[in-house]
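Numbers -14 to 522, taken from my numbering, label the letters of the sequence shown in order.
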Amino acid sequence: MQLHISPSLRHVTVFTGKGVRDFMKVKVGSRRVSYRMVFYSLLLLTFLLRFIFVLTAMDTIEGETKCSTIGCVGKRLGPRFFGRRMDSAVPEEVYRILEENDNQESIQGLGKDQLVPQTLEDFVAEMRTSKSDLKTFSMRLKAMVTLLEQRTRSAKIQEYLYRHVASSSIPKPLHCLSLKLANEHTSNAGARLQLPAAEFVPNLVDNSFFHFVLASDNVLAASVVAASLVRNALRPEKVVLHMITDRKTYSTMHAWFSLHPLDPAIIEVKGMHHFDWFTKGKVPVLEAMEKDQRVRSQFRGGSSAIVNANSTEKPYVIASKLQALSPKYNSAMNHIRIYLPELFPSLNKIVFLDDDIVIQTDLSPLWDINMEGKVNGAVETCRGDDKFVMSKRFKSYLNFSHPIIKQNFDPNECAWAYGMNIFDLEAWRKTNISETYHYWLQQNLKSDLSLWQLGTLPPGLIAFHGHVYTIDPFWHMLGLGYQENTTTAEAEKAGVIHFNGRAKPWLDIAFPQLRVLWAKYVDFSDKVIKSCHIRAS
-14 MQLHISPSLR HVTVFTGKGV RDFMKVKVGS RRVSYRMVFY SLLLLTFLLR FIFVLTAMDT
46 IEGETKCSTI GCVGKRLGPR FFGRRMDSAV PEEVYRILEE NDNQESIQGL GKDQLVPQTL
106 EDFVAEMRTS KSDLKTFSMR LKAMVTLLEQ RTRSAKIQEY LYRHVASSSI PKPLHCLSLK
166 LANEHTSNAG ARLQLPAAEF VPNLVDNSFF HFVLASDNVL AASVVAASLV RNALRPEKVV
226 LHMITDRKTY STMHAWFSLH PLDPAIIEVK GMHHFDWFTK GKVPVLEAME KDQRVRSQFR
286 GGSSAIVNAN STEKPYVIAS KLQALSPKYN SAMNHIRIYL PELFPSLNKI VFLDDDIVIQ
346 TDLSPLWDIN MEGKVNGAVE TCRGDDKFVM SKRFKSYLNF SHPIIKQNFD PNECAWAYGM
406 NIFDLEAWRK TNISETYHYW LQQNLKSDLS LWQLGTLPPG LIAFHGHVYT IDPFWHMLGL
466 GYQENTTTAE AEKAGVIHFN GRAKPWLDIA FPQLRVLWAK YVDFSDKVIK SCHIRAS
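Written out as structure tokens, the structure is:
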């Protein structure tokens, strides 16, 4: 078909393309109107009116849920022709039912699991059999989803509870190891050797050596840190490791390092009771810990109370409360790092290590870092490829809803990590970091432990505020104890890997693919290790 307009614009002629001319001829400029034009116009108008009537009638009769008629099809296709967006295909009744709070019929059904579909297949089969209407369909769907939601929540809480128990308890193999080493310390003179030997004692205060400090009451964990440190050192004869433990673990720790020397490195083992100044009257943190323990037991209760008393709290909130019950958060060993200048008055610089790390490179270059007068060399935890681990800021640890915190700190300030820290003790002694630490511990106790979350990092963030020098993330990879997204290949590239979190590598709940990086520093053929059934996996 072709359309021809005359040069005078007074005639419009339509050609069909099949040899028939003058199918329709209209005089544009004439006052007379063609009868044929009137006829076709009326015919077109009649058809359109009839179409609109049918469309409206069918939609009214059948509603918007079906699409078996020309009316529904037209309504669905119409917006596409005119460039408009179609309305939602979900009826408002469904939204209303799903958004109702505490729907009684759904809740009654939840009381009897057999009345609620247990799987999607059960639900589909029930709907096909019963031929239910829209309201019943929506209510049954809501009942099933609610039931599955409750079961998922309950299972998640149980998982957190079991992880809490597993991480807080002493596994039988580790308990066995402690008992056997304590027996060795009593009966075997070789397990009571002086550490270090007399000729190496002057090196303990010699600043030309690389001094590392490790505070731990876990013999197996400490042995891995020490072995990985010495094995990867380029100059092991210049390494001095100062082991600090508590009174109950001192004999077992001393026995292990007496029977398993790491020559040519120098190992010193001391108990906290060997430091004369470390008494309740002189150390404010010990008094604060006693108050902290009383407050925690008063306000938080035991693990059963936390799990059973919170029917609406999110599982991760319950997990954080369970974590607060961990014994390590009320241990003097966890606060020992704040007293390093007093513990080692003759040393200028040390590297402090946690017992859940593995060292994979030589750490002597840390002494070459110019910290520009700062006290604490640490890795920041707000920047990095792993957004799950490296996304921590002050607001992640401190309670900025409390006016004291809000007035003194910036919630978006980047946090840093404990685990592997360089401490310039000379610069530290010129500051009031320890006093600031004690002050904020007291403020937290006065506020019923409401200023921050658990642990010693929050008060550390406050005490070292303005005294932190950022070091390269290569020196400290975090998160291997609470997420398994890190691959073995990625972890092997780091200088130090940190199993911070509940999934410690010496526990059965450790991530298997990451545990091997820790286990390779354990001699599973050792007589004591073997007798306590400590295995690689």
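For every residue, glycine included, the Cβ atom is placed at its ideal position computed from N, Cα and C.
As far as DSSP is concerned, V360 takes part in no beta bridge. Nearest neighbour of V224 by Cα position, chosen from W491, H196, V209, turns out to be H196. Assigned with DSSP and collapsed to three states, A207 falls in helix. Judged by beta-carbon spacing, N393 lies beyond the 7 Å limit of H452, meaning their Cβ atoms are not closer than that value. The shortest CA-to-CA distance from A402 to any of H239, S376, V130 is the one to S376. If you draw a 10 Å sphere on the C-beta of Y235, you find 16 or more other C-beta atoms in it, and that means buried.
Annotated three-state conformation of F197 is strand, per DSSP. Note on geometry: alpha-carbon atoms of F108 and S139 lie some 22 Å from one another. Assignment of E253 by DSSP, reduced to helix, strand and coil, places it in the strand class. Nearest Cα to P246 within the set V190, T230, P181: P181. In this structure, D339 lies near G404, with their beta-carbon atoms less than 7 Å apart.
The C-alpha of A183 lies about 34 Å from the C-alpha of M356. As computed with DSSP, R81 is found in no beta bridge at all. The count of Cβ pairs closer than 8 Å, one atom from the segment 485 to 502 and one from the segment 459 to 472, reaches three, so the stretches are in contact. Taking all protein chains in view, the Cβ of K157 is surrounded by fewer than 16 other Cβ atoms within 10 Å, so the residue is classified as exposed. Close CB contacts of E411 within its chain, under the 6 Å cut and outside five residues either way in sequence, are with N333 (chain order). Nearest to K489 by alpha-carbon distance, out of E106, T137, S153, is S153. For H483, the enclosing beta strand (DSSP E) stretches over residues 481 to 483. Of the candidates K359, L219, A211, L351, K359 places its Cα closest to the Cα of R414. Taking 3 residues as the minimum length, the beta strand (DSSP E) runs contained wholly in the segment 317 to 391 are 334 to 338, 342 to 344, 361 to 363, in order along the chain. With a threshold of 16 other beta carbon atoms within 10 Å, H320 meets it and is buried. Within the segment 437 to 517, the alpha helix (DSSP H) runs of at least 4 residues that lie entirely inside it are, in chain order, 442 to 448, 473 to 477, 497 to 504, 512 to 516. Inter-segment contact for the segment 420 to 431 and the segment 362 to 372 is absent: fewer than three beta-carbon pairs are separated by less than 8 Å.
For I229, no alpha helix (DSSP H) segment is defined; the enclosing uninterrupted segment is the beta strand (DSSP E) at 224 to 230. Less than 7 Å divides the Cβ of M462 from the Cβ of A479. Contact check between the segment 238 to 253 and the segment 208 to 215: three or more CB pairs, one atom from each, fall below 8 Å, which counts as touching. According to the DSSP assignment, I418 belongs to the alpha helix (DSSP H) that extends over 418 to 431. Shortest Cα-Cα distance from H170 to any of S123, M124, H239, N188 involves H239. Taking C-beta atoms as the reference points, F408 and P396 fail to come closer than 7 Å. Here V343 is buried, its C-beta having at least 16 other C-beta atoms within 10 Å. Scanning Q135, I142, T230, T237 for the CA closest to the CA of R177 turns up T237.
When the alpha-carbon of P187 is set against those of K431, L492, T31, I251, the nearest one is in I251.
Excluding its 5 nearest sequence neighbours in each direction, K141 has C-beta neighbours in its own chain below 6 Å: P300, listed in chain order. Residue environment: Q345 is assigned as buried (16 or more neighbouring CB atoms within 10 Å of its CB, all protein chains considered).
Classified as buried, V254 has 16 or more neighbouring CB atoms from the shown chains inside 10 Å of its CB. If you draw a straight line from the Cα of P444 to the Cα of Y422, it comes to about 6 Å.
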